[in-house]
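Chains as they are written, first to last, in my numbering: chain L, 1 to 504; chain X, 1001 to 1168. Virtual Cβ for every residue (Gly too), placed ideally from N, Cα, C. It should be emphasised that the depicted structure is a prediction, and the values quoted were computed from it without experimental measurement.
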Amino acid sequence: MDAFLLGAGQILTAETLIFMLLGSIAGIIAAAIPGFTVTMAIVLTLPLTFAMEPLQGIAVMLSVYVGGYTGGLISAALLGIPGTPSAVATTFDAFPMSRNGEPGRALSIGVWASFFGTVISTAVLIVAAPPLAIFAVKLGPWEYFSLIVFALTIVASLVGHSLQRGLIAALIGLAISTVGTDPILGRPRFDFDVTMLAAGLPFLVVLIGIFAISQLASEVEDAGKIRSGQKLVTGEIDFKTLSVMKEVLMRPVNLIRSSIVGVLIGALPGAGGSIANLVAYDQAKRASKTPEKFGTGTTDGVVASEAGNSATAGGGLIPLIALGIPGSAVDAILMASLMVHGISVGPRLIMDNADLVYGMFIAMVVASFMMLVVCVLSMRAFLRVAEVPKWVVVPVVLVCCVVGSFALNNRVTDLYLLGFIGLFGYALRALDYPLAPLVLGVILGPIAETNLRRALMTNDDWTLFLTRPVSLIFLIAAVASVAWAVRAHLKSAKAKKTAERTAP
Amino acid sequence: MSEETPQLTGKEPGEVARLLSYIALLAASAGLFWEATRIPSSRFETLGAGAFPMIVHGCLILLLLVTIAQTLRRLPAGAYAAFGAAFGTWVRERRLVFVVFLCLGAYLAAMPVIGYPIATLVFLAVLQFALAPKTKSAMAVLIVLSLLFSFGLNWLFAEVFNVFLPRG
Chain L
1 MDAFLLGAGQ ILTAETLIFM LLGSIAGIIA AAIPGFTVTM AIVLTLPLTF
51 AMEPLQGIAV MLSVYVGGYT GGLISAALLG IPGTPSAVAT TFDAFPMSRN
101 GEPGRALSIG VWASFFGTVI STAVLIVAAP PLAIFAVKLG PWEYFSLIVF
151 ALTIVASLVG HSLQRGLIAA LIGLAISTVG TDPILGRPRF DFDVTMLAAG
201 LPFLVVLIGI FAISQLASEV EDAGKIRSGQ KLVTGEIDFK TLSVMKEVLM
251 RPVNLIRSSI VGVLIGALPG AGGSIANLVA YDQAKRASKT PEKFGTGTTD
301 GVVASEAGNS ATAGGGLIPL IALGIPGSAV DAILMASLMV HGISVGPRLI
351 MDNADLVYGM FIAMVVASFM MLVVCVLSMR AFLRVAEVPK WVVVPVVLVC
401 CVVGSFALNN RVTDLYLLGF IGLFGYALRA LDYPLAPLVL GVILGPIAET
451 NLRRALMTND DWTLFLTRPV SLIFLIAAVA SVAWAVRAHL KSAKAKKTAE
501 RTAP
Chain X
1001 MSEETPQLTG KEPGEVARLL SYIALLAASA GLFWEATRIP SSRFETLGAG
1051 AFPMIVHGCL ILLLLVTIAQ TLRRLPAGAY AAFGAAFGTW VRERRLVFVV
1101 FLCLGAYLAA MPVIGYPIAT LVFLAVLQFA LAPKTKSAMA VLIVLSLLFS
1151 FGLNWLFAEV FNVFLPRG
């Protein structure tokens, strides 16, 4: 209790709260700009925290982290471009909702879902950190590979109009992930002696090219409308704070399920928000009584994605606090920040620095409240983005995408890749290929390959994938998931045919 | 295949375009599969660096072959002529998309040579001019935004974040 009060005392000072507020604003703004990620915002914040007390520095970075997970939803909802990789699934329903004339409601649902997702994940973090962390690190490459196989079955929910084109897109994504040096031995693959390809195709550049560039290009398809100064989104600029809060709270099952998905995926080293939002969306769609409404602007879709990605913030801290293993790039930077202050991170962290750990828990809760306050107060300003004409938004956001792609690795070749991938993404969009399975393939490809090869390097017995209990559970879940998806597709195809026959 | 006389529904040009994309992807995937078979295996592991790409491209080739066969069976005879006619209209309607990609290509190619601020200034001015309604207020906004996001953003990144955008 003393440690808890000591931690609370350090967080709840005016100075720390002001710094956290600034961090929250910075995180939201950075993540709202397509091309800039939460990781990038945290990296830029790190040097600014060196002069602070350890807990104060960590609290500021956590507020950037929590704000960043919410900021991604702004461009996802208003521009149809995920501001961060963790907001990919948010575009599926928040953007159609904005296009249907409810941009304020789309943002408000996302903000509330993010808030509850963070709070639930913090509660789980406090209660379940040690047992969950021990479970997470016990998973071997067999379990990881089986988990990725299960995650790949999400493709079935993201295929759009055609199952075949969805699968083709997912395989293209997996193929893209194999370009460059191989992840185990560093052997060059498919670079054809072109320098640009030698380092592989960076995930963020692929994401920006596929989603952002193609979306922006498609915004100018109607020459007449754009030259008349058409706005990006037309509709009600109303945040409806309290009524939307009730709307989100009326979906407790979706909210809690998506948050738990986020926590579990966040706790697994290597996974993170970019996978959690898609898995949470998939689970919400499968559990829904009206899955056909997903993708048209349904509240459940936005809630699932935003609660799922925000909950990874708490989940990612589980292995970091309990075992000293960072679950994602952001957690690695948080860990580095603690080490800069001379605090050794590992299983003894909670015993040696209990005040710091409790302070981090309190900082997470405070950061989520700050994010909520900042969003509620400033969302009207963000919503003004929707009123800006397309002829302004398209060129300016293109420049932001270019800057974000370059700032990632400071490589000019990434810019050329961005151009090619953008053109490829637009071609796929024009040909009605779903883009989300492709991005999922790019995310999961390296994890799948690494763990498959690592498993067989450790023991070349293929049956281990079936004889290890956790691996078997994931594989059974994958088979069940595919069977469920095929059944749903056959059912909807049959219903469509019946409707066509009975139509006058 | 339908036994009745096939009638065009207006969706055929899109189907033909997709068929062409399947064929292009099949050619690329087959080439990469062959390339993957040439990646030497390792004595240290069972699979080697080429195995995973071969699995992926193998699946992709199979799926594309099935999809191509299904599409060919579905397409009526007049679909190819309809595609030829519709393609020209499609390109004309999307002329601004091509303007955007042309400007972006030139911008990305010029940036390492002339530097971020000037390349961005020109890119924003040209593209906004191409897309904007030709009014005085629009031109004023165009100039301000071009300056802000070229020299302004360059200053912000260099001075605040210590990230240096291409200087040319």
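Using CA coordinates, which residue listed in the options is at the minimum distance from residue i?
i                  : options                                        : result
Gly-83 (chain L)   : L:Leu-174, L:Ile-318, L:Leu-417, L:Cys-401     : L:Cys-401
Gly-1058 (chain X) : X:Leu-1026, X:Leu-1019, X:Met-1111, X:Phe-1087 : X:Leu-1026
Asn-254 (chain L)  : L:Arg-454, L:Met-335, L:Gln-283                : L:Gln-283
Ala-77 (chain L)   : L:Met-379, L:Ile-333, L:Ser-288, L:Leu-6       : L:Met-379
Leu-428 (chain L)  : X:Arg-1018, X:Ala-1069, X:Phe-1157             : X:Arg-1018
Val-179 (chain L)  : L:Gly-110, L:Ala-87, L:Asp-191                 : L:Asp-191
Arg-468 (chain L)  : L:Leu-147, L:Gly-262, L:Thr-296                : L:Leu-147
Leu-452 (chain L)  : L:Ile-333, L:Val-412, L:Asp-182, L:Lys-293     : L:Asp-182
Val-248 (chain L)  : L:Asp-414, L:Trp-462, L:Met-457, L:Phe-115     : L:Phe-115
Val-374 (chain L)  : L:Ile-28, L:Ala-477, L:Ala-267                 : L:Ile-28
Phe-1098 (chain X) : X:Ala-1130, X:Leu-1075, X:Thr-1071             : X:Ala-1130
Thr-118 (chain L)  : L:Leu-185, L:Pro-34, L:Ile-256                 : L:Ile-256
Ala-59 (chain L)   : L:Leu-268, L:Gly-23, L:Phe-135                 : L:Gly-23
Ala-1085 (chain X) : X:Gly-1010, X:Ala-1110, X:Arg-1167, X:Pro-1166 : X:Gly-1010
Ala-1109 (chain X) : L:Leu-278, L:Gly-419, L:Leu-17, L:Arg-251      : L:Gly-419
Glu-1015 (chain X) : X:Leu-1047, X:Tyr-1107, X:Ala-1081, X:Thr-1037 : X:Ala-1081
Tyr-416 (chain L)  : L:Ala-495, L:Lys-497, L:Trp-484, L:Ile-213     : L:Ile-213
Leu-171 (chain L)  : L:Val-479, L:Leu-139, L:Val-442                : L:Val-442
Gly-1115 (chain X) : L:Phe-406, L:Asp-93, L:Val-302                 : L:Phe-406
Ala-3 (chain L)    : L:Arg-487, L:Val-486, L:Ala-354                : L:Ala-354
Phe-465 (chain L)  : L:Ala-26, L:Pro-103, L:Trp-142                 : L:Trp-142
Residues in the same chain with beta-carbon distance under 6 Å from residue i, minus the five sequence neighbours each way, listed in chain order, please.
i                 : result
Val-365 (chain L) : Thr-122
Met-245 (chain L) : Trp-112
Ala-31 (chain L)  : Val-38, Gly-68, Gly-71, Gly-72, Gly-83, Thr-84
Asp-331 (chain L) : Gly-316, Leu-320
Tyr-433 (chain L) : Arg-165, Ala-169
Gln-10 (chain L)  : Leu-55, Gly-359
In chain L, which residues lie with their C-beta within 9 Å of the C-beta of residue i?
i                  : result
Glu-1035 (chain X) : Arg-189, Phe-190, Phe-192
Met-1111 (chain X) : Val-402, Phe-406, Val-412, Leu-415
Ala-1017 (chain X) : Ala-430, Leu-431
For residue i, which residues in chain L fall below 8 Å Cβ to Cβ?
i                  : result
Gly-1105 (chain X) : Gly-419
Leu-1064 (chain X) : Ile-168
Leu-1026 (chain X) : Chain L residues near Leu-1026 (chain X): none, gap ~10 Å exceeds 8 Å.
By Cβ distance, which residues of its chain are closer than 7 Å to residue i, with the 5 residues on each side in sequence left out?
i                  : result
Ile-210 (chain L)  : Ile-421, Gly-425, Leu-435, Leu-438, Val-439
Ala-1140 (chain X) : none
Met-1001 (chain X) : Any reading at Met-1001 (chain X) must be qualified, since the residue scores a pLDDT of 38, below 50, and its modelled position is unreliable; the value itself is stated next. Answer for Met-1001 (chain X): Arg-1073, listed in chain order.
Phe-95 (chain L)   : Ala-76, Ala-77, Gly-80
Phe-1149 (chain X) : Thr-1120, Leu-1124
Ala-175 (chain L)  : none
His-505 (chain L)  : Missing from the structure shown is residue 505 (chain L); chain L here goes from 1 to 504 and no further.
Gly-106 (chain L)  : Note on residue identity: the sequence assigns Ala, not Gly, to residue 106 (chain L). Taken in chain order, the residues that qualify are Ala-77, Ala-94, Met-97, Ser-98, Val-302.
Starting from the beta carbon of residue i, find every residue of chain L whose beta carbon is closer than 7 Å, and list them in chain order.
i                  : result
Leu-1145 (chain X) : Val-392, Val-396
Leu-1072 (chain X) : Here the premise fails: no neighbours, minimum Cβ distance about 14 Å.
Ile-1039 (chain X) : Arg-187, Arg-189
Run down chain X in chain order and give the residues with a C-beta less than 8 Å from the C-beta of residue i.
i                 : result
Leu-423 (chain L) : Phe-1101
Ala-175 (chain L) : Ser-1029, Leu-1032, Pro-1053, Val-1056, His-1057, Leu-1060
Leu-452 (chain L) : Leu-1047, Phe-1052
Glu-449 (chain L) : Phe-1052
Ile-184 (chain L) : Glu-1045, Ala-1049
Kindly list, in the order they appear in chain X, the residues whose Cβ is closer than 9 Å to that of residue i.
i                 : result
Met-457 (chain L) : Phe-1044, Glu-1045, Thr-1046, Leu-1047
Val-399 (chain L) : Tyr-1107, Thr-1120, Phe-1123, Leu-1124, Phe-1149, Ser-1150, Leu-1153
Near residue i, which residues of its chain fall below 8 Å by C-beta distance, leaving aside the five closest residues on each side in sequence?
i                  : result
Phe-361 (chain L)  : Gly-7, Thr-122, Leu-125, Ile-126
Leu-197 (chain L)  : Val-179, Gly-180, Phe-190, Asp-191
Leu-21 (chain L)   : Ser-63, Met-370, Val-374
Phe-1157 (chain X) : Val-1163, Phe-1164, Leu-1165
Could you list which residues in chain X have their beta carbon closer than 7 Å to that of residue i, in chain order?
i                 : result
Thr-178 (chain L) : Phe-1052, Pro-1053, Val-1056
Give a single yes or no on whether residue i has its beta carbon closer than 8 Å to a heavy atom of the ligand SAH.
i                : result
Met-52 (chain L) : Absent from the structure shown: the ligand SAH. Ligands present: none.
For this session: Give the residues from the region 136-168 of chain L that approach chain X closer than 8 Å (Cβ to any Cβ), ordered along the chain.
Result: Gln-164, Arg-165, Leu-167, Ile-168
For this session: Jot down the residue ranges of each uninterrupted alpha helix (DSSP H) in the region 362-435 of chain L, minimum 4 residues, whole runs only, in chain order.
Result: Runs of the alpha helix (DSSP H) inside the region 362-435 of chain L: 390-409, 412-430.
Exercise. Using Cβ-Cβ distances below 7 Å, what residues of the region 200-226 of chain L are close to chain X?
Worked result: Ala-217, Val-220, Glu-221, Ala-223, Ile-226
For this session: Could you please tell me which residues of the region 33-67 of chain L, in chain order, have their CB closer than 8 Å to any CB of chain X?
Result: Leu-44
Problem set entry | Residue ranges of each alpha helix (DSSP H) within the region 1004-1048 of chain X, 4 or longer | 1012-1037
Exercise. Curious, which full-length alpha helix (DSSP H) runs of at least 4 residues does the region 243-293 of chain L contain?
Worked result: Segments of the alpha helix (DSSP H) lying fully in the region 243-293 of chain L: 252-267, 273-287.
For this session: Check distances from the C-beta atoms of the region 1074-1094 of chain X to those of chain L and list, in chain order, the residues that come in under 9 Å.
Result: Trp-1090, Glu-1093, Arg-1094
For this session: Identify each residue in the region 1124-1139 of chain X for which the Cβ-Cβ distance to at least one residue of chain L is less than 7 Å, and report them in chain order.
Result: Leu-1124, Leu-1127, Gln-1128, Leu-1131, Ala-1132, Pro-1133
For this session: List in chain order: all unbroken alpha helix (DSSP H) runs of 4+ residues lying wholly within the region 124-177 of chain L.
Result: 141-152, 163-177
For this session: Would you list, in sequence order, the uninterrupted beta strand (DSSP E) runs of no fewer than 3 residues that lie entirely inside the region 1078-1104 of chain X?
Result: none
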